[in-house]
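Undergrad: Same order as they appear, the protein sequences are chains A and B.
Count along the first sequence from 1, add 368, and you get the number used in the numbering used here.
Count along the second sequence from 1, add 368, and you get the number used in the numbering used here.
2 protein chains.
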Amino acid sequence: MRLTDIETPALVLDAAKMRANIDRMNATARRLGVALRPHLKTGKSVEVARAMTEGWSGAVTVSTLKEADEFFAAGCRDILYAVGIASNKLAHAARLTQAGAQLTLILDSVAAAEAVAAFGRETGVRLPVLIEIDSDGHRAGVQPDDAATLDAIARALANGAELAGVMTHGGGSYNSTSADGIAAHAEMERAGAVRAAEHLRAAGHACPTVSVGSTPTALFARDLAGVTELRVGVYVFFDLVMAGLGVCAPEDIAVGVLTSVIGHQAERGQLIVDAGWMALSRDRGTQGQVLDQGYGLVRDAEGGSLDDLVVVAANQEHGIVARRDGGPLDVARFPVGTLLRVLPNHACATAAQHGAYRVVDGSDEITGTWPRFGGWS
Amino acid sequence: MRLTDIETPALVLDAAKMRANIDRMNATARRLGVALRPHLKTGKSVEVARAMTEGWSGAVTVSTLKEADEFFAAGCRDILYAVGIASNKLAHAARLTQAGAQLTLILDSVAAAEAVAAFGRETGVRLPVLIEIDSDGHRAGVQPDDAATLDAIARALANGAELAGVMTHGGGSYNSTSADGIAAHAEMERAGAVRAAEHLRAAGHACPTVSVGSTPTALFARDLAGVTELRVGVYVFFDLVMAGLGVCAPEDIAVGVLTSVIGHQAERGQLIVDAGWMALSRDRGTQGQVLDQGYGLVRDAEGGSLDDLVVVAANQEHGIVARRDGGPLDVARFPVGTLLRVLPNHACATAAQHGAYRVVDGSDEITGTWPRFGGWS
Numbered sequence: 369m370r371l372t373d374i375e376t377p378a379l380v381l382d383a384a385k386m387r388a389n390i391d392r393m394n395a396t397a398r399r400l401g402v403a404l405r406p407h408l409k410t411g412k413s414v415e416v417a418r419a420m421t422e423g424w425s426g427a428v429t430v431s432t433l434k435e436a437d438e439f440f441a442a443g444c445r446d447i448l449y450a451v452g453i454a455s456n457k458l459a460h461a462a463r464l465t466q467a468g469a470q471l472t473l474i475l476d477s478v479a480a481a482e483a484v485a486a487f488g489r490e491t492g493v494r495l496p497v498l499i500e501i502d503s504d505g506h507r508a509g510v511q512p513d514d515a516a517t518l519d520a521i522a523r524a525l526a527n528g529a530e531l532a533g534v535m536t537h538g539g540g541s542y543n544s545t546s547a548d549g550i551a552a553h554a555e556m557e558r559a560g561a562v563r564a565a566e567h568l569r570a571a572g573h574a575c576p577t578v579s580v581g582s583t584p585t586a587l588f589a590r591d592l593a594g595v596t597e598l599r600v601g602v603y604v605f606f607d608l609v610m611a612g613l614g615v616c617a618p619e620d621i622a623v624g625v626l627t628s629v630i631g632h633q634a635e636r637g638q639l640i641v642d643a644g645w646m647a648l649s650r651d652r653g654t655q656g657q658v659l660d661q662g663y664g665l666v667r668d669a670e671g672g673s674l675d676d677l678v679v680v681a682a683n684q685e686h687g688i689v690a691r692r693d694g695g696p697l698d699v700a701r702f703p704v705g706t707l708l709r710v711l712p713n714h715a716c717a718t719a720a721q722h723g724a725y726r727v728v729d730g731s732d733e734i735t736g737t738w739p740r741f742g743g744w745s
Numbered sequence: 369m370r371l372t373d374i375e376t377p378a379l380v381l382d383a384a385k386m387r388a389n390i391d392r393m394n395a396t397a398r399r400l401g402v403a404l405r406p407h408l409k410t411g412k413s414v415e416v417a418r419a420m421t422e423g424w425s426g427a428v429t430v431s432t433l434k435e436a437d438e439f440f441a442a443g444c445r446d447i448l449y450a451v452g453i454a455s456n457k458l459a460h461a462a463r464l465t466q467a468g469a470q471l472t473l474i475l476d477s478v479a480a481a482e483a484v485a486a487f488g489r490e491t492g493v494r495l496p497v498l499i500e501i502d503s504d505g506h507r508a509g510v511q512p513d514d515a516a517t518l519d520a521i522a523r524a525l526a527n528g529a530e531l532a533g534v535m536t537h538g539g540g541s542y543n544s545t546s547a548d549g550i551a552a553h554a555e556m557e558r559a560g561a562v563r564a565a566e567h568l569r570a571a572g573h574a575c576p577t578v579s580v581g582s583t584p585t586a587l588f589a590r591d592l593a594g595v596t597e598l599r600v601g602v603y604v605f606f607d608l609v610m611a612g613l614g615v616c617a618p619e620d621i622a623v624g625v626l627t628s629v630i631g632h633q634a635e636r637g638q639l640i641v642d643a644g645w646m647a648l649s650r651d652r653g654t655q656g657q658v659l660d661q662g663y664g665l666v667r668d669a670e671g672g673s674l675d676d677l678v679v680v681a682a683n684q685e686h687g688i689v690a691r692r693d694g695g696p697l698d699v700a701r702f703p704v705g706t707l708l709r710v711l712p713n714h715a716c717a718t719a720a721q722h723g724a725y726r727v728v729d730g731s732d733e734i735t736g737t738w739p740r741f742g743g744w745s
C-alpha cells in the first residue's frame, strides 16, 4: 500500500527520520554521561516508545495516567508521571503501583505533599515523589533556594510517602534564540535542580534522583554534573518550533499530515486542502518566531521541498494554502486531487489529533500502521 | 457519582443547557420556515445527534466520512458530507451508499465533478452532489453569478453523478460584530445560494436543494426565501466565540473542562491547573474579539461565576490561571485540589480533545457518560 492508496487527511511518520533523531539524542545523553528517561507524551504509541527506550533501562516519563496505564501494559515498569499530582488521581496511581509499576509522582507544595502522605497512611501505598523545582520562572515548582519549603515538603512526605529526589523542566528554553542562549538555559536548569538537591541533602533528606530536561536544553547542554537523568520527548519527531530554534532542520521532522487539494481560489492564489485544524491542530507555535509557518509548512507528498507554501488559515476540516509572502501562485500546478504533506508547528499537538501513524521509510510505501491513544483516565 | 468523584481533566456537558440551546434553534428554523439539517461535527456523539435531530426528518450534516459511518450505524440515513470531496474518499462514500445511506457530496470545480462522474461510470454508483457556492469570499466555492462554471459543473455531473442542488456556508459571519451585521451576512448567504440555484435552473438543470447555514447567520436571519434547509452545529453547545459575537451568553455554554488546581505561583498571582492545551485545545478564537478569553473563561466546579479569571497560558497538560487584567490574586482562596470548570473558546475544538462527555443536569451529579469519536476513515 502506498500513500496514494489511503484516505486523507492522515498522519505520516517517516521511521528513518525518527531513528536518526533518536540516535542523535542517545549519543548526546551518552556524551553527557546521564541516563535517558524518554518522555512518551509526543508519540503516545507503544512502537514509538520501544524505539525511544531501546538501549536504556526502560525508565520513561509520561504526561497522563492513561499513558502510564498503556505503557505499563506494554512492559514499562519505571514510570515518572511528570505533572503535579491532583488528589483525584491518587487512587489510579495506587492501582498502578499495586499492579507492579514503580510509578513516581511530582508536586511542588506542602499541601500536595500532605495529601499524598495522608493517602499513603490511609491505604498503605507509599508513593515515591520528586519535588518539582522552578529553575527558570517558566511555570510550576519550588524556587531552587527556597530551602525552607523544600525541607517542609520533604518532612510532609516522610509521613506516608517517599521522597525520591527533585526534577525540573527548562521549558523557558523554547524562548531562546541562539545556541549560546539555550546552553545558558541548560546550565540554569542543571544548577537549579542540583542546588535544590543540595539543600535537601544538607537538611538530612536523601535525594537520589536529580532529573532535568527539555529537547533544546538537552541538545545544547555543555555539562550536566550532578544530574542523574534527562527527560526529553519531542526530539523523536522534531517540528517547526524546534527548527525555528535551530535545534533541528525542517528535513529532520519525522511526522507530517498527508492532505489532498480539494479546490482552488485562483484569484487569491489559494489552494483549499482537506487538512484543517482538526488534522493539524490549532498550534501556532511559530507565530512568535522569526519565520512564521502559519499552521504548517507545505511539502510535496513525499516530503520534498516546494515553493514557500504554508497553511495560512485553518477551519475544522479545511486548510488554506498560499505563499508565505502572499504572492501570486499558479494554482494549476496543484490540480484537485494533488497530495501534499504538511509539517507541524508542534509535533505533540498535531499527532494528538490522529488515531494512528501511517509509517513510511523514506519512500511512499506504507510499511505499517501504528495506533496511538489519547485521554486521561 | 459526582464531579468530585472523577479524575481531571474531564469534559462536562450540562444537558439542560444543551436542550435549551436546541430548543432555541428549532424555534428559529420553524419561524423562518426551513428544515433543519443539523451539523454533527461539534458533538461527534450519537446521544447529542439524537437530541439535535429530534422533531426533524433525520437529515444531518457531517464533516468527515468517519462521522457518516458512525451516524449511519446509529440510524441516520440522509447525510450531507459538507467538505469538498477528494477522490481518495470516493470508494468509502460508495460503500456507505451501497449500504443504504443517502450520502450527498459537495464540490466546487469541474475537475472534481469530472472525477465523481468518472467514478460513477466505472462503478455504477451515481452519487448525489451539491455545488458549493462562495457567498461571502470566506473560503471555498463557485462565485454565485459565475453561471458558466455552474453550468459546466452541472454538465460534468450529468455524466455519472447527480446534481442535487447548491450549498453555501456563511463562515465570514464569525467576523461580524453586531446583530445588524450578522443579519446582513445572513442575507448575503441566502441571496448568493438562491442566485446560484436560479442560474442553474435557467440553464435547464434541476436544483431541488438550496442549503445554507452557520449558527450566527441562522439565529440572526430575517428571511430565508428560496432556501430549503439550514445547516447549523455549534449552537448545540455554544462557546465563548459565539458569546463574543452576541449570539449567546456565557451562561448558555453547555460544555466545559473540569480541572484541578495542582499548584500556585503566589507572587505571580497564578494558579496551575491540570488542564493544558491537550484538554482545552489550542484554539484562541477570542483573541481578535473585544474580550480576549485566553484559553478559556474559568468558573467554579458547578459553572458559577468567579472573578474575571482566565487561562492565560497553556502547555500540554498545564494551564496557568490568572486574572484577565493581570492584577493580584489571593491564591489561598483556591487551595491545591480545588475543582474549576473552564468554558471553551471553541466548543468543536475543545470537545475534540476528549473521548467522552460527563453529563450533568444543572447539578454536580453525573447522570451519564456519552462517548464521542474522532478520526477520518
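All C-beta atoms, glycine included, are put in the ideal place defined by N, C-alpha and C.
What's the C-alpha gap between D519(A) and I453(A)?
TA: 19 Å
Undergrad: Within 10 Å of its beta-carbon, does Q466(B) have 16 or more other beta-carbons around it, so buried, or fewer, so exposed?
TA: exposed
Undergrad: In chain A, which residues lie with their C-beta within 8 Å of the C-beta of A479(B)?
TA: Ordered by position in chain A, the residues that pass the 8 Å Cβ test against A479(B) are P703, V704, G705.
Undergrad: Any Cβ of chain B within less than 8 Å of the Cβ of K457(A)?
TA: yes
Undergrad: Assign E527(A) to buried or exposed, taking buried as 16 or more other Cβ atoms, counted over all protein chains shown, within 10 Å of its Cβ.
TA: According to the sequence shown, residue 527(A) is Asn rather than Glu. Answer is exposed; the Cβ neighbour count stays below 16.
Undergrad: If you follow the alpha helix (DSSP H) that M420(B) is in, where does it begin and where does it stop?
TA: Segment 414-421, the alpha helix (DSSP H) holding M420(B).
Undergrad: Does any C-beta atom of chain A lie closer than 8 Å to the C-beta of G672(B)?
TA: no
Undergrad: DSSP three-state call for S466(B): helix, strand or coil?
TA: A small correction: the amino acid at residue 466(B) is Gln; Ser does not occupy that position in the sequence shown. It is helical.
Undergrad: Of all the residues that make up the segment 688-699 of chain B, which are near chain A by a beta-carbon distance shorter than 9 Å?
TA: I688
Undergrad: Name the DSSP bridge partner or partners of V497(A)?
TA: Its beta-bridge partners are L473(A), L531(A).
Undergrad: Could you give the residue range of the beta strand (DSSP E) that holds G687(B)?
TA: 687-691
Undergrad: Within 10 angstroms of the Cβ of M369(B), are there 16 or more other Cβ atoms? Answer buried if so, exposed if not.
TA: exposed
Undergrad: Just checking: is the beta-carbon of G423(B) within a distance shorter than 8 Å of some beta-carbon in chain A?
TA: no
Undergrad: Whole angstroms are fine: how far does the CA of Y663(A) sit from the CA of V679(A)?
TA: Taking the straight line joining both Cα atoms gives about 5 Å.
Undergrad: How would you label L659(A), buried or exposed, when you count the other beta carbons within 10 angstroms and need 16 or more for buried?
TA: exposed
Undergrad: Which of the residues in the segment 390-417 of chain A, read from start to end, lie with their CB under 7 Å from any CB of chain B?
TA: K409
Undergrad: Name the DSSP beta bridge partners of Y725(B), please?
TA: W738(B)
Undergrad: Measure from the C-beta of D732(A) to each C-beta in chain B and report whether the shortest distance is under 8 Å.
TA: Not closer than 8 Å to any Cβ of chain B, the Cβ of D732(A) fails to qualify, so no.
Undergrad: Would you mind sorting E438(B) into buried or exposed? The rule is 16 or more other CB atoms within 10 Å of its CB.
TA: E438(B) is buried by the Cβ-count criterion.
Undergrad: According to the neighbour-count rule (16 or more other Cβ atoms, all chains shown, within 10 Å of its Cβ), is Q655(A) buried or exposed?
TA: Taking a 10 Å sphere around the C-beta of Q655(A), we find fewer than 16 other C-beta atoms and assign the residue as exposed.
Undergrad: Under 8 Å, do A719(A) and T396(A) count as touching if we go by C-beta distance?
TA: no
Undergrad: Just how far apart, CA to CA, sit I734(A) and P377(A)?
TA: Our two residues, I734(A) and P377(A), have alpha carbons roughly 15 Å apart in a direct line.
Undergrad: At a cut of 8 Å, does the segment 389-405 of chain B reach the segment 484-493 of chain A through at least three beta carbon pairs?
TA: With a cut-off of 8 Å on Cβ pairs, the segment 389-405 of chain B is not in contact with the segment 484-493 of chain A, counting fewer than three such pairs.
Undergrad: If you drop the 5 nearest sequence neighbours on each side, which residues of the same chain put their C-beta closer than 8 Å to that of L464(A)?
TA: L433, A436, D437, F440, I447, L471
Undergrad: Since V704(A) and G631(A) are thought to touch, with beta carbons under 8 Å apart, how far apart are those beta carbons, to the nearest angstrom?
TA: 7 Å
Undergrad: Would F573(B) pass as a contact of A522(B) if the rule is Cβ separation under 8 Å?
TA: It should be pointed out that residue 573(B) corresponds to His in this sequence rather than to Phe. Going by C-beta atoms, H573(B) is nearer than 8 Å to A522(B).
Undergrad: Taking the Cβ atom as the reference point for each residue, do M610(A) and T577(A) lie within a distance shorter than 8 Å?
TA: The answer is no: Cβ separation not under 8 Å.
Undergrad: Quick check on the burial criterion: 16 or more other C-beta atoms within 10 angstroms. Buried or exposed for R569(B)?
TA: For R569(B), the number of other beta carbons within 10 angstroms of its own is below 16, and it is reported as exposed.
Undergrad: Compute the distance between the beta-carbons of V641(A) and L708(A), then report whether it is under 8 Å.
TA: yes
Undergrad: Below 8 Å on the Cβ atoms is my guess for R599(A) versus H407(A); work out the distance and round it to an integer in Å.
TA: 5 Å
Undergrad: To be precise: take each residue of the segment 559-583 of chain A, compare its Cβ to all Cβ atoms of chain B, and keep it if any distance is under 7 Å. Which residues remain?
TA: none
Undergrad: Could you please give the first and the last residue of the uninterrupted beta strand (DSSP E) stretch that includes L711(B)?
TA: 707-711
Undergrad: Label E422(A) either buried or exposed according to how many other C-beta atoms from any shown protein chain fall within 10 Å of its C-beta, with 16 as the threshold for buried.
TA: exposed
Undergrad: Can you give the Cα-Cα distance for C716(B) and V416(B), rounded to whole angstroms?
TA: 13 Å
Undergrad: Return the residues of the segment 631-658 of chain A that lie within a Cβ-Cβ distance of less than 8 Å from chain B, sorted by chain order.
TA: Across the segment 631-658 of chain A, CB contacts with chain B closer than 8 Å involve G631, H632, Q633, I640, D642, W645, M646, A647, S649, R650, D651, R652, in sequence order along the chain.
Undergrad: Write down every uninterrupted run of the alpha helix (DSSP H) in the segment 575-608 of chain A whose length is 4 residues or greater and which is fully enclosed by it, in chain order.
TA: 583-588
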